[in-house]
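J.: Got a structure for you, questions after.
2 protein chains.
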Amino acid sequence: MLIVKKFGGTSVGDKERIFNAAKRCMEDYKNGHDVVVVLSAMGKTTDVLLEQARDINPKASKRELDMLLTVGEQTSAALMAMALGSLGVPAISLNGFQVPMQTTAVYGSARLRRIGCERIRHELEARKIVVVTGFQGVNKYGDYTTLGRGGSDTTAVALAAVLHADTCEIFTDVDGVYTADPRIVKTARKLDEITYDEMLDLATAGAGVLHNRSVEMAKKYGVQLVVRSSLNDSPGTVVKEEVNVERMLISGVALDKKAARISVLGVKDEPGIAFRLFHLLAKRQINVDIILQSIGREGTKDISFTVDEEEADTVVELLEKNKENITAQSVQCKKDVAKLSIVGAGMMSNPGVAAKMFEALYSARININMISTSEIRVTVLVDEKDGEKAMNVCHEAFGLAE
Amino acid sequence: MLIVKKFGGTSVGDKERIFNAAKRCMEDYKNGHDVVVVLSAMGKTTDVLLEQARDINPKASKRELDMLLTVGEQTSAALMAMALGSLGVPAISLNGFQVPMQTTAVYGSARLRRIGCERIRHELEARKIVVVTGFQGVNKYGDYTTLGRGGSDTTAVALAAVLHADTCEIFTDVDGVYTADPRIVKTARKLDEITYDEMLDLATAGAGVLHNRSVEMAKKYGVQLVVRSSLNDSPGTVVKEEVNVERMLISGVALDKKAARISVLGVKDEPGIAFRLFHLLAKRQINVDIILQSIGREGTKDISFTVDEEEADTVVELLEKNKENITAQSVQCKKDVAKLSIVGAGMMSNPGVAAKMFEALYSARININMISTSEIRVTVLVDEKDGEKAMNVCHEAFGLAE
Numbered sequence: 001m002l003i004v005k006k007f008g009g010t011s012v013g014d015k016e017r018i019f020n021a022a023k024r025c026m027e028d029y030k031n032g033h034d035v036v037v038v039l040s041a042m043g044k045t046t047d048v049l050l051e052q053a054r055d056i057n058p059k060a061s062k063r064e065l066d067m068l069l070t071v072g073e074q075t076s077a078a079l080m081a082m083a084l085g086s087l088g089v090p091a092i093s094l095n096g097f098q099v100p101m102q103t104t105a106v107y108g109s110a111r112l113r114r115i116g117c118e119r120i121r122h123e124l125e126a127r128k129i130v131v132v133t134g135f136q137g138v139n140k141y142g143d144y145t146t147l148g149r150g151g152s153d154t155t156a157v158a159l160a161a162v163l164h165a166d167t168c169e170i171f172t173d174v175d176g177v178y179t180a181d182p183r184i185v186k187t188a189r190k191l192d193e194i195t196y197d198e199m200l201d202l203a204t205a206g207a208g209v210l211h212n213r214s215v216e217m218a219k220k221y222g223v224q225l226v227v228r229s230s231l232n233d234s235p236g237t238v239v240k241e242e243v244n245v246e247r248m249l250i251s252g253v254a255l256d257k258k259a260a261r262i263s264v265l266g267v268k269d270e271p272g273i274a275f276r277l278f279h280l281l282a283k284r285q286i287n288v289d290i291i292l293q294s295i296g297r298e299g300t301k302d303i304s305f306t307v308d309e310e311e312a313d314t315v316v317e318l319l320e321k322n323k324e325n326i327t328a329q330s331v332q333c334k335k336d337v338a339k340l341s342i343v344g345a346g347m348m349s350n351p352g353v354a355a356k357m358f359e360a361l362y363s364a365r366i367n368i369n370m371i372s373t374s375e376i377r378v379t380v381l382v383d384e385k386d387g388e389k390a391m392n393v394c395h396e397a398f399g400l401a402e
Numbered sequence: 403m404l405i406v407k408k409f410g411g412t413s414v415g416d417k418e419r420i421f422n423a424a425k426r427c428m429e430d431y432k433n434g435h436d437v438v439v440v441l442s443a444m445g446k447t448t449d450v451l452l453e454q455a456r457d458i459n460p461k462a463s464k465r466e467l468d469m470l471l472t473v474g475e476q477t478s479a480a481l482m483a484m485a486l487g488s489l490g491v492p493a494i495s496l497n498g499f500q501v502p503m504q505t506t507a508v509y510g511s512a513r514l515r516r517i518g519c520e521r522i523r524h525e526l527e528a529r530k531i532v533v534v535t536g537f538q539g540v541n542k543y544g545d546y547t548t549l550g551r552g553g554s555d556t557t558a559v560a561l562a563a564v565l566h567a568d569t570c571e572i573f574t575d576v577d578g579v580y581t582a583d584p585r586i587v588k589t590a591r592k593l594d595e596i597t598y599d600e601m602l603d604l605a606t607a608g609a610g611v612l613h614n615r616s617v618e619m620a621k622k623y624g625v626q627l628v629v630r631s632s633l634n635d636s637p638g639t640v641v642k643e644e645v646n647v648e649r650m651l652i653s654g655v656a657l658d659k660k661a662a663r664i665s666v667l668g669v670k671d672e673p674g675i676a677f678r679l680f681h682l683l684a685k686r687q688i689n690v691d692i693i694l695q696s697i698g699r700e701g702t703k704d705i706s707f708t709v710d711e712e713e714a715d716t717v718v719e720l721l722e723k724n725k726e727n728i729t730a731q732s733v734q735c736k737k738d739v740a741k742l743s744i745v746g747a748g749m750m751s752n753p754g755v756a757a758k759m760f761e762a763l764y765s766a767r768i769n770i771n772m773i774s775t776s777e778i779r780v781t782v783l784v785d786e787k788d789g790e791k792a793m794n795v796c797h798e799a800f801g802l803a804e
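Okay, here's the thing in structure tokens:
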């Protein structure tokens, strides 16, 4: 078997954890498997490097930021190869240049274009464990690029795809994918299996286990993902196309407290206003989530939408600047809101799921600000103070508890 | 003009020093010059990384050590490019892969083979300051290599050579090359000029300002070196082929306290013994300095030589193991010794320099253990406790004081 194993920053945060991860790799190796390990930077390294850069130049070029950040994974990869070496397992570390992981030219949020397999295959044939730096690649100018958030997961899935790996294990600090965040919902239950689509909607809805880019890629190339704990031997959660067991109606509840609601009030009720508004945001690569349009007073309308809390100030500033262009009377921002989502493939063939959710929230006296739905997901915006309670009542209403 | 500027670890040790160095580069840039900057890793970064590696695997492979160490210069290079950016100067950082700095395959002590100039020239033509990682390169397998001690100086001189730079400035924490270490000899004087050969002998004799590999290369390719302080505007010391001023007899005194004397006693007085002995050391890449052979008792002889103090234990162990092969009766090691050297191109045409040195030491009641001379250098081995006094009396005897 060819196994790709990815360890996140906390899973290689110190010497003990590095050895712990190395031993997991050694087990598979000793059982005769080929092992490729993908690593993130150790612990908070990336944040520390970013802080260092900001201190020197708050507007540092993204090219130089990538040049700086890539040292994080190179450090953990080299140390991992040394740890494997000290366990008597031949290992070699390769960075974005050496694989090579060719990407688009965009610094800070590059996309993978082509991955060279020759060197990796050569080292695997020589019976080495190959340790690859996650998150990074090299563009056509021969410069380092980084893949943006969740980049190391994407590296692992992409490598699993091009190497036709039998499985891609994502090691993290939780046991797998849960029906809800166990820190908030005490009765949350670990799922044995989940479909790509459900995982995708959960990821988008704020469940931080996997980044949706990596799940999208896994779905596209049919890579079987396993989300496992780096701290114990629990089998984790398998993410794949179809799941075998009788489906629950809902597989999980996710809460995203980092949402902000922007309201653009009193815009003229004429065609093209919404286009102009969201085009402004799209040009700045700002992701907009739930959108709601309502009738205002005297031939005007109000447009509300949610964005990532971190981007809220930028959005307000941008809209204030373009107030005339979008014919707005005022722009408001509310940051103390949370997005609550229920996700489940079973939803498609069962009407009334949304109604059941609304009922549960109503019984708990929780007010719903906005609503958005997809085929297998219902998302509502609630006040941030109600978020955790809302998550618990939904979890209970759909019988997700252990 | 094309100027190569090299800053050592202490000269980029923190934010303030990075900006200080960046401003020196900006001055030349604003005066219309092309500037290439070569950097070492910040402060003690390399030591910290080595310690981290040792903690994980004391016998880590040299390939992985190089993979780890190269992050040091990449970090300082990226931060320097950001600092220049924040000063409004366009800059780009390039690592060993990107230049590329092609080296031999030996990890940990690679030699430069070929340097690609295309990318650097391209960036200089776009009026950018090019920041290059010192100390590192890439071998034919596409792996990182490091150049060993003094590697960043070598990188700077090599770049100056291939780019046909007008001058190569080595910034350090001293004002230039002194007639003696000012911490030991209070009256030491800064030299305005010095020849390659003198600098080479001073470097070999333990004056830590420049590594002899970089001086050798500068001499070979006729690169004019300037040793300057990164902390002030003092003009520093120019190192070149010929110096114009009327030559002093001696240009400097150097003291190396990190020497150890190894004595191999009672070896048979027959041909081939010395060859076998030093061949053993050469195979291990151990540098031997002063060698002395004397007649022992009953048809035997004693061979003494000096090595770097750090390698003394290895040497003793090696010789003890091969005692029979080299026909030695015993091996002794004395670590509390120091090498004192006087260096000066004027020596060649002035006999009696060595005698004058011995006289000065005799007057100060300092015992000489061993003697070695070259065309422009006299080195003696003294007890370590006498080292600093010996340096002072020689400095005075040759009238080097200010």
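Line by line, the protein sequences are chains H and Y. At position 145 of the first sequence (counting the first as 1) the number is 145 in our numbering, and the numbers step up by one without a gap. At position 268 of the second sequence (counting the first as 1) the number is 670 in our numbering, and the numbers step up by one without a gap. Backbone N, C-alpha and C define an ideal beta-carbon position, used for all residues, glycine too. Since this is a predicted model, take the numbers as computed values, not measurements.
1. Is it buried or exposed for residue 237 of chain H, if we count other Cβ within 10 angstroms and need 16 for buried?
2. Which residue wins for smallest C-alpha separation from residue 658 of chain Y, given the options Y:776, Y:483, Y:784, Y:576?
3. Using a Cβ-Cβ cut-off of 8 Å, state whether residue 503 of chain Y counts as contacting chain H.
4. Give, in chain order, every residue of the segment 767-799 of chain Y whose Cβ lies closer than 8 Å to some Cβ of chain H.
5. Using three-state DSSP, classify residue 333 of chain H as helix, strand or coil.
6. Between residue 491 of chain Y and residue 431 of chain Y, is the Cβ-Cβ spacing less than 8 Å?
7. Please confirm if residue 40 of chain H has its CB atom under 8 Å from at least one CB of chain Y.
8. Got a sec, what are the start and stop residues for the alpha helix (DSSP H) residue 29 of chain H sits in?
9. Pop quiz: residue 548 of chain Y and residue 605 of chain Y are said to be a contact at Cβ under 8 Å. What is the actual Cβ separation, rounded to whole angstroms?
10. Does the count of Cβ pairs from the segment 780-796 of chain Y and the segment 557-577 of chain Y closer than 8 Å reach three?
11. With DSSP collapsed to three states, give me the class of residue 118 of chain H.
12. Counting only beta-carbon separations shorter than 8 Å, does residue 55 of chain H have a partner in chain Y?
13. Could you please tell me which residues of the segment 477-490 of chain Y, in chain order, have their CB closer than 8 Å to any CB of chain H?
14. In terms of alpha-carbon separation, which member of Y:414, Y:433, Y:416, Y:424 lies closest to residue 403 of chain Y?
15. Establish whether the CB of residue 463 of chain Y and some CB of chain H are separated by less than 8 Å.
16. Taking only beta-carbon atoms, is residue 428 of chain Y less than 8 Å away from chain H?
17. Let's see if you can read the secondary structure: which residues bound the beta strand (DSSP E) around residue 193 of chain H?
18. Can you find at least 3 beta carbon pairs, one from the segment 182-198 of chain H and one from the segment 263-278 of chain H, that sit closer than 8 Å?
19. Give a yes or no on whether the C-beta atoms belonging to residue 288 of chain H and residue 305 of chain H are separated by under 8 Å.
20. If we cut at 8 Å on Cβ distances, does residue 125 of chain H have a partner in chain Y?
21. Exposed or buried, which one is residue 332 of chain H when buried takes at least 16 other CB atoms within 10 Å?
22. Contact between the segment 111-123 of chain H and the segment 9-17 of chain H is defined here as three or more beta-carbon pairs at a separation below 8 Å; is this criterion met?
23. I think residue 778 of chain Y touches residue 583 of chain Y, with their Cβ atoms under 8 Å apart; what is that distance to the nearest whole Å?
24. Find the residues of chain H that neighbour residue 518 of chain Y, judging by a C-beta separation of less than 9 Å, and give them in chain order.
25. Counting along the chain, where does the alpha helix (DSSP H) carrying residue 795 of chain Y start and finish?
26. How many whole angstroms separate the CB atoms of residue 443 of chain Y and residue 475 of chain Y, which I take to be in contact at a CB cut-off of 8 Å?
27. Under 8 Å Cβ-Cβ, which residues of chain H neighbour residue 470 of chain Y?
28. Alpha carbons only, please: which of Y:736, Y:695, Y:704 is nearest the one belonging to residue 714 of chain Y?
29. Decide if the segment 53-69 of chain H is in contact with the segment 89-101 of chain H; the criterion is three or more beta carbon pairs, one per stretch, under 8 Å apart.
30. Between residue 242 of chain H and chain Y, is the shortest Cβ-Cβ distance under 8 Å, so that the two count as touching?
31. When you compare the CB positions of residue 441 of chain Y and residue 482 of chain Y, do they come within less than 8 Å of one another, or not?
32. Is it right to say residue 232 of chain H is buried, meaning 16 or more other beta carbons lie within 10 angstroms of its own, or is it exposed?
33. Given that a residue counts as buried once 16 or more other Cβ atoms are within 10 Å of its Cβ, and exposed if not, what is residue 299 of chain H?
34. Using a Cβ-Cβ distance under 8 Å, would residue 616 of chain Y count as near chain H?
35. Would residue 532 of chain Y pass as an interface residue toward chain H - the criterion being a Cβ-Cβ separation below 8 Å?
36. I'd like to know if the segment 362-377 of chain H and the segment 220-229 of chain H are in contact, where contact means that at least 3 CB-CB pairs between them fall below 8 Å.
T.: Reading from the atomic positions:
1. buried
2. Y:784
3. no
4. Answer set for the segment 767-799 of chain Y: empty.
5. DSSP places residue 333 of chain H in strand when its eight states are reduced to three.
6. yes
7. no
8. 15-30
9. With a Cβ gap of about 20 Å, residue 548 of chain Y and residue 605 of chain Y do not count as contacting.
10. no
11. helix
12. yes
13. 477, 479, 480, 481, 483, 484, 485, 487, 488
14. Y:433
15. For residue 463 of chain Y, the nearest beta carbon of chain H is closer than 8 Å to its own beta carbon.
16. no
17. 193-195
18. no
19. yes
20. no
21. exposed
22. no
23. Rounded, the Cβ-Cβ distance is 19 Å, inconsistent with contact.
24. By Cβ distance, chain H contributes nothing, its closest Cβ being about 10 Å from residue 518 of chain Y, past 9 Å.
25. 789-799
26. 5 Å
27. 74, 75, 78, 79, 82
28. Y:736
29. no
30. no
31. yes
32. exposed
33. exposed
34. no
35. no
36. no
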